[in-house]
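Report on the following structure.
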Amino acid sequence: DAKTTQPPSMDCAEGRAANLPCNHSTISGNEYVYWYRQIHSQGPQYIIHGLKNNETNEMASLIITEDRKSSTLILPHATLRDTAVYYCIVRVEASNTGKLIFGQGTTLQVKP
Amino acid sequence: IAGITQAPTSQILAAGRRMTLRCTQDMRHNAMYWYRQDLGLGLRLIHYSNTAGTTGKGEVPDGYSVSRANTDDFPLTLASAVPSQTSVYFCASSVTGNTQPQHFGDGTRLSIL
């Protein structure tokens, strides 16, 4: 599975959009981009995933560049409860184990 | 509420003892997973099961065993606990199909003394 690079930390003002970048320059054509987050002392929580097209759900939007070498997770109106570590993961569709490789992630601090 | 239940939530265990961490899901997911999370190392896959009756080894399987007698339960056993197995253990499940997202429990915090 391709490696991802994320900034170690970011701040965001409450009510503003949080834009979390992820670089995955070695991504292959059959690898999906997933985003999870982990709030302190809880299990990881799935947010969104995509292959080529931009995706939106009730939690967030995922913008994938045309060359698929990077993506951005957007939380449109960040709240204090969005403070968490956010993980960007790329994963091949045909993976036998289903293994998710969690890197160090981005610690997002939403401030009042 | 549907989801994944892990038990116990935390445990302190003497080295050499046997311990089974329980994981139950009520979402009828075929695939289940066990990860451990350690500072600086992220989450690492211990064992997985793509369907009831089958299991496979992840990246750090040594010292752990699993069984999958039915769809809902996926217990993780430490036959003889060692201090290096001190960690937070997460169970996850997903619909079969590798693009499907995994849903995680809230973890078991295990300390081996």
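Quick note, the sequences are listed as chains A and Z, same order.
Counting from 1, position 16 in the first sequence corresponds to residue 17 in my numbering; the numbering is continuous, with no gaps.
Counting from 1, position 93 in the second sequence corresponds to residue 1040 in my numbering; the numbering is continuous, with no gaps.
C-beta atoms are modelled at their ideal positions from N, C-alpha and C, and glycine is treated no differently.
| Asked | Found |
| --- | --- |
| Distance, Cα to Cα, R1056 (chain Z) vs T1018 (chain Z)? | 24 Å |
| Taking Y47 (chain A) as the query, report the chain Z residues whose CB atoms sit under 7 Å from its CB, ordered along the chain. | P1048, Q1049 and H1050 |
| How big is the Cα-Cα spacing for T84 (chain A) and P1022 (chain Z)? | 31 Å |
| Just to confirm the assignment, what range does the beta strand (DSSP E) spanning K112 (chain A) have? | T107 to K112 |
| Given that a residue counts as buried once 16 or more other Cβ atoms are within 10 Å of its Cβ, and exposed if not, what is T57 (chain A)? | exposed |
| Between the Cα of P966 (chain Z) and those of Z:V1013, Z:T1002 and Z:S1041, spot the shortest distance and give me the residue it belongs to. | Per the sequence presented here, residue 966 (chain Z) reads as Met, with Pro not at that position. Comparing Cα-Cα distances from M966 (chain Z) to each of Z:V1013, Z:T1002 and Z:S1041, the minimum goes to Z:V1013. |
| Check the DSSP bridge columns for A20 (chain A) and list the partner residues they point to. | The sequence shown places Asn at residue 20 (chain A), rather than the Ala named in the question. DSSP output for N20 (chain A) lists A:I75 as bridge partner(s). |
| Throw me the rounded Cβ distance for the T107 (chain A) and P9 (chain A) pair, which I believe falls under 8 Å. | 7 Å |
| With 9 Å as the limit, tell me which residues of the segment 21 to 51 of chain A have their beta carbon closer than that to any beta carbon of chain Z; keep them in chain order. | Y33, Y35, Y37, Q39, S42, Q43, G44, P45, Q46, Y47, I48, I49 and H50 |
| Which chain A residues are close to G989 (chain Z), counting only those with a beta carbon under 9 Å from its beta carbon? | Y88, I102, F103, G104, Q105 and G106 |
| Report all residues from its chain with a CB closer than 6 Å to the CB of C970 (chain Z); omit the five preceding and five following residues, and keep chain order. | Q953, F1021 and C1038 |
| Thinking C-beta only, is R983 (chain Z) closer than 7 Å to S1031 (chain Z)? | no |
| If you follow the beta strand (DSSP E) that L990 (chain Z) is part of, which residue opens it and which one closes it? | G989 to S996 |
| Hey, would you say I48 (chain A) sits closer than 7 Å to R38 (chain A), going by beta carbons? | yes |
| Can you round the beta-carbon distance between A14 (chain A) and I75 (chain A) to whole angstroms, since I take them to be within the 8 Å contact cut? | Between I75 (chain A) and A14 (chain A) the Cβ distance is about 15 Å, and since that is not below 8 Å, they are no contact. |
| Considering only residues of the same chain and omitting the five flanking positions on each side of P113 (chain A), which have a CB-CB separation below 6 Å? | E15 |
| Please decide whether G1000 (chain Z) counts as near chain A, where near means a Cβ-Cβ distance under 7 Å. | no |
| Should R69 (chain A) be labelled buried (16 or more other beta-carbon atoms within 10 Å of its own) or exposed? | buried |
| Sort Z:L986, Z:G989, Z:G987 and Z:K1004 by Cα distance to M979 (chain Z) and report the nearest one. | Z:K1004 |
| Which first and last residues belong to the beta strand (DSSP E) in which L1025 (chain Z) is found? | L1023 to L1025 |
| Starting from E32 (chain A), follow the beta strand (DSSP E) in both directions and report where the run begins and ends. | E32 to Q39 |
| Taking the straight line between their C-alpha atoms, what separation do you get for I40 (chain A) and D1053 (chain Z)? | 10 Å |
| Look at the alpha carbon of V1007 (chain Z) and the alpha carbon of H994 (chain Z), and state the distance between them as a whole number of angstroms. | 8 Å |
| Buried or exposed: which applies to A61 (chain A), given that a residue is buried once 16 or more other Cβ atoms fall within 10 Å of its Cβ? | buried |
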